[in-house]
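Using full-length UniProt numbering, the letters of the sequence shown correspond one by one to residues 1 to 163. Ideal Cβ placement from N, Cα and C applies to all residues, glycine included. Note that the structure is a prediction, hence the values are computed from the model and not measured.
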Amino acid sequence: MATSSKTSSTASAKKARSTAADDVQEAFIKPLKGMAERLQNLPLAGAASTIVESGRKDLQALMEANERSYQGLQAVVARQTEMLKASIVDWQGTVKGMSPAEPRENLAKLDAMGKAAFKQALDDIRELSELAAKSQAEAFDIVSQRIRANVDEVSKLLKTPRK
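As structure tokens, then:
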């Protein structure tokens with residue numbers, strides 16, 4: 001009797017392994033075979049030059065995106081420098097216009113200048129963030145256009161020829 005139960009458990013284990021193997025074949029092997037067949041049907045005569053050209057275009061797009069990003073960073077730094085210089089000139093003008101004999105009036109000028117400087121700082125932050133976002137969006141557009149072109153190129157290569 002023990003032999004009969006061993007035999008049935010061995011048979012059920014074999015059946016489970018067989019089902020698992022079928023699942024693996026269904027999920028992984030069949031799609032890979034289909035892809036291999038499509039790759040075998042590719043016209044390989046021009047494929048090498050197409051791949052090299054695609055790589056060249058990828059590098060060119062990355063270089064252009066980096067250049068745009070770098071130019072955007074330079075613009076942000078230049079604008080930030082201008083803002084800082086203008087702020088320093090404003091503060092110097094306010095301080096020079098103060099009279100040592102009128103401390104209350106001086107405090108009122110400093111208070112007004114501080115409030116104006118705070119408002120200006122918020123406006124400057126907004127402007128700088130818009131400049132940075134614009135340059136990053138331009139760089140992203142360049143890369144995304146190249147990705148779309150790559151997808152189109154691969155789609156054209158993988159299309160099975162109609163017989």
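| Item | Value |
| --- | --- |
| Give the DSSP-derived three-state secondary structure of Leu158 in the structure shown. | helix |
| Short of 6 Å in beta carbon distance, which residues of its chain neighbour Ala75, apart from the five on each side in sequence? Order them along the chain. | Leu131 |
| Assuming Gly72 contacts Ser144 (C-beta within less than 8 Å), just tell me the rounded distance between them. | Not quite, the Cβ-Cβ distance comes to about 17 Å (not below 8 Å), so this is no contact. |
| How is Ser49 classed by DSSP in three states: helix, strand or coil? | helix |
| Is it buried or exposed for Ile142, if we count other Cβ within 10 angstroms and need 16 for buried? | buried |
| Applying the 10 Å Cβ sphere with the 16-neighbour rule, what's the burial state of Arg126? | exposed |
| Which residues in the same chain have their Cβ closer than 6 Å to the Cβ of Ser129, if we skip the five residues on either side of it in sequence? | none |
| Can you tell me whether DSSP reads Ala101 as helix, strand or coil? | coil |
| What's the call for Ala78, buried or exposed, on a 16-neighbour Cβ count within 10 Å? | exposed |
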